[in-house]
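Read through the structure below, which is laid out as structure tokens, and then see the notes.
Protein chains in written order, with the working numbering: chain U, 1 to 113; chain D, 1001 to 1114.
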């Protein structure tokens, strides 16, 4: 158990619907990262927060994607008007300590029909 | 641009044989380097990390990795593979000057023959 919790673990939705994923990170750290992993690929960076501020967004994060971290605690990743190409595992990660290693949640798997 | 290359997409080894998974990185500064393992349906588990100091680092489950600056490599090794080591292995470089995000390689899938 890494201490990073993600919900839901699985989501099946129809194309065009909106979905939201939640991440509860290791509580004492102020940075939080979102990654996307498609089949047969390594995780790809999407965005990260320092406290409630979103400091960087990858160009992978289209206008249909939005991430928030109110109050610098949990974070949500919303995908609007889902497309089949959004089908992937969405991973949340949190550092532990100051040495830079990231600890990942189990991920939220999205299937868009 | 920063990148990580894992040249081997899939490797098969016999149980009890030794293992080496290759990783090459491209990064302009001294890197933080990591190896993660992912079993089917599971999240990523950190195997080991290199920040500085001794270039041979030990990790969990009997794995070790060696940082070679001259070759921009960070290869993962294990002297004797167990069937439970079958999984996907990812090498990553940490960009400490870019918010600490990690850049991952494409992964190497390890199969273990009995």
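Ideal placement from N, C-alpha and C gives every residue a C-beta, glycine not left out.
Could you check the C-alpha separation between residue 1032 of chain D and residue 16 of chain U for me, to the nearest Å? Counting from 1 along the second chain, the entry for residue 1032 of chain D is found at position 32. Counting from 1 along the first chain, the entry for residue 16 of chain U is found at position 16. C-alpha separation (whole angstroms): 40 angstroms.
Among U/31, U/55, U/41, U/62, which has the Cα closest to the Cα of residue 4 of chain U? Translated into the one-based positions of the first chain, residue 4 of chain U becomes position 4. Minimum Cα distance to residue 4 of chain U is reached at U/31.
Check each candidate in D/1014, D/1012, D/1023 and name the one with the smallest Cα separation from residue 1116 of chain D. A question about residue 1116 of chain D goes unanswered here, because the residues of chain D that appear run from 1001 up to 1114.
When we look at the beta-carbon of residue 39 of chain U and count the other beta-carbons within 10 Å, is it buried (16 or more) or exposed? Along the first chain, read from residue 1 onward, the residue named residue 39 of chain U stands at position 39. Exposed is the call here.
Segments assigned beta strand (DSSP E), at least 3 residues, entirely inside the segment 23-85 of chain U: 31-37, 44-50, 53-57, 65-68, 75-79
Here's a check: name, in chain order, each residue in its chain whose Cβ is nearer than 8 angstroms to the Cβ of residue 1015 of chain D, leaving out the five neighbours to either side. By 1-based counting over the second chain, the position of residue 1015 of chain D is 15. Taken in chain order, the residues that qualify are 1081, 1082, 1083, 1112, 1113, 1114.
For residue 1106 of chain D, decide whether its Cβ has a neighbour in chain U, counting only Cβ atoms nearer than 8 angstroms. As a position in the second chain, residue 1106 of chain D is number 106, starting the count at 1. Yes, residue 1106 of chain D counts as interfacial toward chain U.
Give the residues of chain U in contact with residue 1101 of chain D, contact being defined as C-beta atoms less than 8 angstroms apart. Working through the second chain from its first residue, we reach residue 1101 of chain D at position 101. Correct list: 33, 45, 48, 56.
By the 9 angstroms beta-carbon criterion, what residues does the segment 1038-1058 of chain D contribute toward chain U? 1038, 1041, 1042, 1043, 1044, 1045, 1046, 1049, 1051
Given a limit of 7 angstroms on CB to CB distance, which residues of the segment 1015-1039 of chain D reach chain U? 1032, 1034
Please name the residue, chosen from D/1050, D/1063, D/1099, that lies closest to residue 1021 of chain D on a Cα-to-Cα basis. In the second chain, counting from the first residue as 1, residue 1021 of chain D sits at position 21. Closest by alpha carbon: D/1063.
8 angstroms is my cut-off, CB to CB: does residue 1090 of chain D come that close to chain U? Mapped onto the second chain, residue 1090 of chain D falls at position 90. Interface residue, yes.
Beta carbons nearer than 8 angstroms to chain D: which residues of the segment 101-112 of chain U have them? 101, 102, 103, 104, 105, 106, 107
Looking only at its chain, what residues have a beta carbon closer than 7 angstroms to the beta carbon of residue 46 of chain U, apart from the 5 residues adjacent to it on each side? For the purposes of this step, residue 46 of chain U is taken as the residue at position 46 of the first chain. Taken in chain order, the residues that qualify are 34, 35, 36, 58, 60, 61.
Could you compute how far the alpha carbon of residue 1047 of chain D sits from the alpha carbon of residue 109 of chain U? Looking up residue 1047 of chain D in the second chain gives position 47. Looking up residue 109 of chain U in the first chain gives position 109. Looking at the two C-alpha atoms, the distance is approximately 23 angstroms.
Below-8 angstroms beta-carbon distance, residue 72 of chain U vs any chain D residue: Here residue 72 of chain U refers to the residue found at position 72 when the first chain is read from its first residue. Answer no: the Cβ-Cβ gap between residue 72 of chain U and chain D never drops below 8 angstroms.
Does the Cβ-Cβ distance between residue 67 of chain U and residue 77 of chain U come in under 8 angstroms? Locating residue 67 of chain U in the first chain gives position 67, counting from the first residue. Locating residue 77 of chain U in the first chain gives position 77, counting from the first residue. Result yes, Cβ atoms of residue 67 of chain U and residue 77 of chain U sit closer than 8 angstroms.
Under a three-way DSSP split, which group does residue 1094 of chain D fall into? As a working note, residue 1094 of chain D is residue 94 in the second chain. Here residue 1094 of chain D sits in strand by DSSP.
Pull up the CB-CB distance for residue 29 of chain U and residue 81 of chain U, whole angstroms please, since I reckon it's below 8 angstroms. Taking the first residue of the first chain as 1, we reach residue 29 of chain U at position 29. Taking the first residue of the first chain as 1, we reach residue 81 of chain U at position 81. About 32 angstroms; that fails the 8 angstroms criterion.
Count the other C-beta atoms from every protein chain shown that fall within 10 angstroms of the C-beta of residue 102 of chain U, then say buried if there are 16 or more, exposed otherwise. Residue mapping note: residue 102 of chain U aligns to position 102 of the first chain, counting from 1. Label assigned to residue 102 of chain U: buried.
Check the Cβ-Cβ distances between residue 42 of chain U and every residue of chain D, and say whether any is below 8 angstroms. Here residue 42 of chain U is taken as the residue at index 42 of the first chain, counted from 1. Yes, residue 42 of chain U lies at the interface with chain D (some Cβ there is under 8 angstroms from its Cβ).
Going by beta-carbon coordinates alone, are residue 1099 of chain D and residue 44 of chain U separated by less than 8 angstroms? The sequence position of residue 1099 of chain D within the second chain is 99, counting from 1. The sequence position of residue 44 of chain U within the first chain is 44, counting from 1. No; because the gap between Cβ atoms is not below 8 angstroms, this pair is not in contact.
Buried or exposed for residue 6 of chain U, please, with buried defined as at least 16 other CB atoms from any protein chain shown within 10 angstroms of its CB. As a working note, residue 6 of chain U is residue 6 in the first chain. It is buried - the Cβ of residue 6 of chain U has at least 16 other Cβ atoms within 10 Å.
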